[in-house]
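In my numbering, the protein residues as written are 1 to 90.
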């Protein structure tokens with residue numbers, strides 16, 4: 001993963017379940033998953049959707065809205081799976 005990526009979406013354990021947290025380059029949490037997921041694969045799939053939203057992937061959403069795409073050479077976010085990551089609170 002490039003150090004120049006402004007945001008990382010980290011999939012991590014949340015108790016017995018899994019969640020994702022969006023972390024900016026300075027280490028502050030910018031967003032968190034609204035739900036926890038029973039499996040790592042479900043949390044990773046949800047986190048990948050968040051990465052796609054931040055990177056502006058072109059495609060059609062369920063509401064029929066198209067999103068403009070960022071250049072693939074300069075992504076805005078990257079996906080990381082880290083079972084031992086714990087978001088900072090406070």
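Cβ coordinates follow ideal geometry from the N, Cα and C atoms, glycine included.
None of these values were measured; they are calculated from a predicted model.
* Assuming residue 37 contacts residue 46 under a Cβ cut-off of 8 Å, what Cβ separation, rounded to an integer in Å, is found between them? -> Here residue 37 corresponds to residue number 37 of the chain shown, with the count starting at 1. Here residue 46 corresponds to residue number 46 of the chain shown, with the count starting at 1. That pair is a contact at about 6 Å.
* 7 Å CB neighbourhood of residue 20 in its chain, flanking five on each side removed -> As a first step, residue 20 must be located in the chain shown, where it is residue number 20. Within the same chain, residue 20 has close Cβ partners 9, 10, 11, 33, 43, 46, 47, 50.
* Asked: In three-state DSSP terms, what is residue 5?
  -> For the purposes of this step, residue 5 is taken as residue 5 along the chain shown, with counting starting at 1. Of the three classes helix, strand and coil, the one that applies to residue 5 here is coil, per DSSP.
* Local conformation of residue 24 per DSSP, three classes -> The sequence position of residue 24 within the chain shown is 24, counting from 1. Strand.
* What are the boundary residues of the alpha helix (DSSP H) that residue 41 is part of? -> The sequence position of residue 41 within the chain shown is 41, counting from 1. The continuous alpha helix (DSSP H) containing residue 41 extends over residues 40–55.
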